[in-house]
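Number of protein chains: 2
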Amino acid sequence: MNLVVSHYQKDIDMKKLSNQPCLIARSLALVGDAWSMLIMRDAHAGLTRFDDFRKSLGIAPTMLTGRLSALTEEGLLEKRRYSDRPPRDEYVLTEAGRDFLPVLFAIGAWGRKHRGGGEVTRFFDAETGTEIDPVTIDRATGAPIGTRPIRIVAPE
Amino acid sequence: MNLVVSHYQKDIDMKKLSNQPCLIARSLALVGDAWSMLIMRDAHAGLTRFDDFRKSLGIAPTMLTGRLSALTEEGLLEKRRYSDRPPRDEYVLTEAGRDFLPVLFAIGAWGRKHRGGGEVTRFFDAETGTEIDPVTIDRATGAPIGTRPIRIVAPE
DNA sequence: ATGAGTTACTATGAATTTAGTAGTTAGTCA
DNA sequence: TGACTAACTACTAAATTCATAGTAACTCAT
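First to last, the sequence lines map onto chains A and B.
For the first sequence, position 141 matches number 140 in numbering that gives the first Met the number 0, and the numbering has no gaps at all.
For the second sequence, position 127 matches number 126 in numbering that gives the first Met the number 0, and the numbering has no gaps at all.
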């Protein structure tokens, strides 16, 4: 099996991550840190305001400012004014941000299997009431990812 | 000695996350950084050896040592001796490590939709030859994550 | 009208982590 | 003996992260 990664050996760093042919690497350039992912989680849970994120995460305000700006700049969140006097902005999910939810559930599913136990937050389908059990499948074959051999094709 | 100290600090730091009731947070305590995820990606692509990871990622050896030990300690990789003279070890995926593949594909799928374009690495089903199109669904309802309302239940 | 409270930040400096390069260990091979 | 390989460790500098304090622009109660 050939390598997924680029063949340059020297100039791979985090800044160049977003130019790599591997879409995993590209995505990780934006959300490849725990704070960003946890902000996305909280945003999906309904949080929108600076102080709500800060209190929920216990993150330093400088960090939060940086992460929110980055996620906004990258189009996962959108800054929206909710008060003119005093001027106040909140951060709401964009479509790209909402599309990130499957990633969070895939991570959570891994955690349930391999880091479960004790008190855990659980997710239920609001209509059927059944607990959500996320599986990532290939839409083409319907097979869960990892159950069938895969061929990796790098460009050029 | 530097490494030992930094490992200790990281463990303290991670204990904040790994004891949380949210399984996403718990998981991110282990793999919530880009290097760890990229190592997991490369491991799935077939890399096993220190120098292969190092060359593929352009990561500093100190970083790589730290990340490989952490992933090994957390049970996503396993150290295996492949030569006694000279003594040489390689890192192979455990079951927990293999179970991480859906997370990587979910991230890749997000990237394809929102950071696609240009030259990208692609994945095909080795048997059918069709390109893999990962979707994360709820096994109970069959509905893609994000298409139905969810109820979050935190422990008391 | 003054002072307390709210919200979304910035400023600052110390602690910690990361990056980059060089060197070490334990060998093999010619 | 000397060159070479693989898997690291040592060291230092640069960058990032953390924690705390402070600020801007208001509102509201006394």
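The beta-carbon is built from N, C-alpha and C at its ideal position, and this holds for glycine as well.
In this text the structure is predicted, and so the values were computed from the model without any measurement.
Please list the partners that residue i has in chain A, where partner means a Cβ-to-Cβ separation under 8 Å.
i: G145(B); result: R97, D98, L100 and P101
Are the CB atoms of residue j and residue i within a distance shorter than 8 Å?
i: P101(A); j: D137(B); result: no
i: L103(A); j: R40(A); result: yes
i: T47(A); j: Y90(A); result: yes
i: P156(A); j: A125(B); result: Residue 156(A) falls outside the range modelled here, since chain A spans only 0 to 155, and no answer is possible.
i: T129(B); j: A153(A); result: no
i: A42(B); j: G96(B); result: yes
i: R53(A); j: L63(A); result: yes
i: W34(A); j: D98(B); result: no
i: E155(A); j: E118(B); result: yes
i: I38(A); j: L67(A); result: yes
i: G107(B); j: L22(A); result: yes
i: T135(A); j: A142(B); result: no
i: F123(B); j: R84(A); result: no
i: M36(B); j: L70(A); result: no
i: T127(B); j: T140(A); result: yes
i: D32(B); j: G31(A); result: yes
Going along chain B in order, which residues have a C-beta closer than 8 Å to the C-beta of residue i?
i: D32(A); result: G31, D32 and A33
i: R40(A); result: C21, I23 and A24
i: L27(A); result: A33, M36, L37 and I106
Along chain A, in chain order, which residues have C-beta atoms closer than 9 Å to that of residue i?
i: P148(B); result: D124, A125 and E126
i: P154(B); result: G117, E118, V119, T120 and R121
Quick one: what's residue i bridged to in DSSP?
i: L92(A); result: L76(A)
i: R218(A); result: As shown, chain A starts at 0 and ends at 155. That puts residue 218(A) outside it, with no answer to give.
i: I136(A); result: P143(A) and V134(B)
i: R87(A); result: S82(A)
i: D32(B); result: D32(A)
Starting from residue i, follow the alpha helix (DSSP H) in both directions and report where the run begins and ends.
i: D51(B); result: F49 to L56
i: A108(B); result: L100 to H113
Which chain B residues are close to residue i, counting only those with a beta carbon under 7 Å from its beta carbon?
i: T47(A); result: Result: empty, since nearest Cβ-Cβ is about 16 Å, beyond 7 Å.
Could you tell me which chain A residues have their CB closer than 7 Å to the CB of residue i, listed as they occur along the chain?
i: D137(B); result: D124, I131, D132 and P133
i: L92(B); result: Simply none; closest approach about 11 Å.
List the residues of chain B that residue i touches, going by C-beta distances under 9 Å, in chain order.
i: L16(A); result: A33 and L37
Check each residue of the stretch 56-73 of chain B: if its Cβ is closer than 7 Å to any Cβ of chain A, include it; give the result in chain order. L56 and G57
Scan the stretch 102-114 of chain A for residues whose Cβ lies nearer than 8 Å to a Cβ of chain B and list them as they occur along the chain. V102, L103, F104, A105, I106, G107, A108, W109, G110, R111, K112, H113 and R114
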